[in-house]
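In the numbering used here, the protein residues as written are 555 to 844.
Encoded as structure tokens, the structure appears first; notes follow it.
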Amino acid sequence: METKELLKKVKEIELKTRGLTKQVFSGEYHSAFKGRGMTFSEVKNYQFGDDVRSIDWNVTARFNEPFVKVFEEERELSVFLVLDISGSNNFGTRLKSKKELMLEVAAVLAFSAVANNDKIGAIFTTDQVEKYIPPKKGRSHALMILRELILFKPKHTRTQLDIGLKFFRNIVKKRSICFVISDFYDENDFYDALKIANRKHDMVALRLYDPAEKELPNLGLIKMFDAEQGVVKWVNTGSKKVRDNYTEQYEESQQKLHDIFRRSGVDYASLSTEGKYLMELNKLFLTRSR
555 METKELLKKV KEIELKTRGL TKQVFSGEYH SAFKGRGMTF SEVKNYQFGD
605 DVRSIDWNVT ARFNEPFVKV FEEERELSVF LVLDISGSNN FGTRLKSKKE
655 LMLEVAAVLA FSAVANNDKI GAIFTTDQVE KYIPPKKGRS HALMILRELI
705 LFKPKHTRTQ LDIGLKFFRN IVKKRSICFV ISDFYDENDF YDALKIANRK
755 HDMVALRLYD PAEKELPNLG LIKMFDAEQG VVKWVNTGSK KVRDNYTEQY
805 EESQQKLHDI FRRSGVDYAS LSTEGKYLME LNKLFLTRSR
């Protein structure tokens, strides 16, 4: 992609998603992803209803009347995007591919972080960590992440999410918000890595999917390309048994994924390439705000 074409595409993404960010997530982002750290602010006279555990006994003894410590939330956050750029995310039959959807979702989250004066960083992952972008504040840094996501060519095509999650956990020491954006087609077990990361960080999973993945159409004998393994397979979609087996396996995989998120305590949303992802993101933000 030429520089001029790249800049035009990034500008289009910024204009589209910045408007959506202001319109849809005006206050939800701040309330959904609050800083978890608390810092000491001041002491005040004890009033009925104050938590007795907050009494400052040194000040109380000095003035011979009860005082309590007042803490305030550490608002500044670091937001990380763990982006699965493996081969399966190139698939798409509707308005956009899963990779294009990932770009838009990443832009919405990045500009939400910028608007809230939070740092934003990214990890590109396949079955290896392909690229790490340390968190920084500001629009220019968010735009740089989007440019990299558009241009970056991964060396690998397969998925192993636990690799990216372990890297995130090892390199990020301060509690952060982490969005894992993927279709979660991973033959490897990433439950432990996700659960351990969620103990320290605020992990959120965003599953990307295309409606055509739910069931096979009846198109007879067709050639299908496995983007992760790089092989071509012939599939007899004219067979009802083949189609039913595919649907059953898909539903089982989605139930397994739901169970992984539930057991690890990670909030998640499923975002479709049909273009209705904003509603699901907004629903997730509102749920976390309560």
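Even glycine gets a Cβ: it sits at the ideal position worked out from N, Cα and C.
Buried versus exposed call for residue i [16 or more other C-beta atoms within 10 Å across all chains shown]
i      : result
ARG590 : The predicted position of ARG590 is uncertain, since its pLDDT is 49 and thus under 50; a value taken from the coordinates is nonetheless stated next. Per the 10 Å Cβ criterion, exposed.
PHE851 : Any question about residue 851 goes unanswered here, given that the chain covers just 555 to 844.
ASP737 : buried
ILE674 : buried
GLU658 : buried
LYS562 : exposed
ALA766 : exposed
LEU649 : exposed
THR841 : exposed
THR647 : exposed
LYS653 : buried
SER807 : exposed
LEU835 : buried
ASP638 : buried
LEU569 : exposed
PHE839 : buried
VAL564 : buried
Inter-residue spacing [alpha-carbon to alpha-carbon] between residue i and residue j
i      : j      : result
SER824 : TYR763 : 7 Å
LEU663 : VAL636 : 12 Å
LYS768 : ILE677 : 28 Å
LEU832 : SER694 : 24 Å
VAL613 : ASP605 : 16 Å
VAL820 : LEU719 : 13 Å
LEU655 : GLY692 : 23 Å
ALA759 : TYR600 : 42 Å
ILE699 : LEU773 : 40 Å
ARG701 : LYS830 : 24 Å
ASN671 : PHE744 : 31 Å
TRP788 : LEU770 : 13 Å
ALA696 : TYR804 : 35 Å
LYS598 : VAL633 : 34 Å
GLN682 : LYS727 : 21 Å
LEU775 : ALA669 : 51 Å
THR711 : LYS837 : 32 Å
ASP798 : PHE645 : 21 Å
PHE665 : ARG723 : 24 Å
GLU559 : THR571 : 18 Å
PRO688 : MET778 : 38 Å
THR791 : ASN742 : 27 Å
Anticipated Cβ contact below 8 Å, residue i with residue j, distance rounded
i      : j      : result
SER651 : THR827 : 7 Å
LYS690 : ARG729 : About 18 Å separates the two Cβ atoms, so there is no contact after all.
ALA661 : ILE567 : 5 Å
SER608 : LYS623 : 5 Å
ASP740 : THR713 : 4 Å
ARG761 : TYR822 : 6 Å
ILE717 : THR679 : 6 Å
PHE621 : ASP610 : 5 Å
Span of the beta strand (DSSP E) around residue i
i      : result
ILE677 : 673-679
SER824 : 821-826
PHE733 : 731-736
VAL786 : 785-790
ILE687 : 683-690
PHE634 : 632-638
The alpha helix (DSSP H) enclosing residue i, as first and last residue numbers
i      : result
TYR745 : 745-754
GLU919 : Because the chain here runs from 555 to 844, residue 919 falls outside it and cannot be looked at.
ILE814 : 794-818
ASP716 : 715-725
LYS830 : That residue, LYS830, is in no alpha helix (DSSP H); it is neither H nor E in DSSP.
ILE704 : 693-705
THR614 : 611-617
contact_flag[the stretch 720-737, the stretch 691-709] where n(CB pairs < 8 Å) is 3 or more: no
Inter-stretch contact (C-beta, 8 Å, three-pair minimum) for the stretch 737-750 and the stretch 804-820: yes
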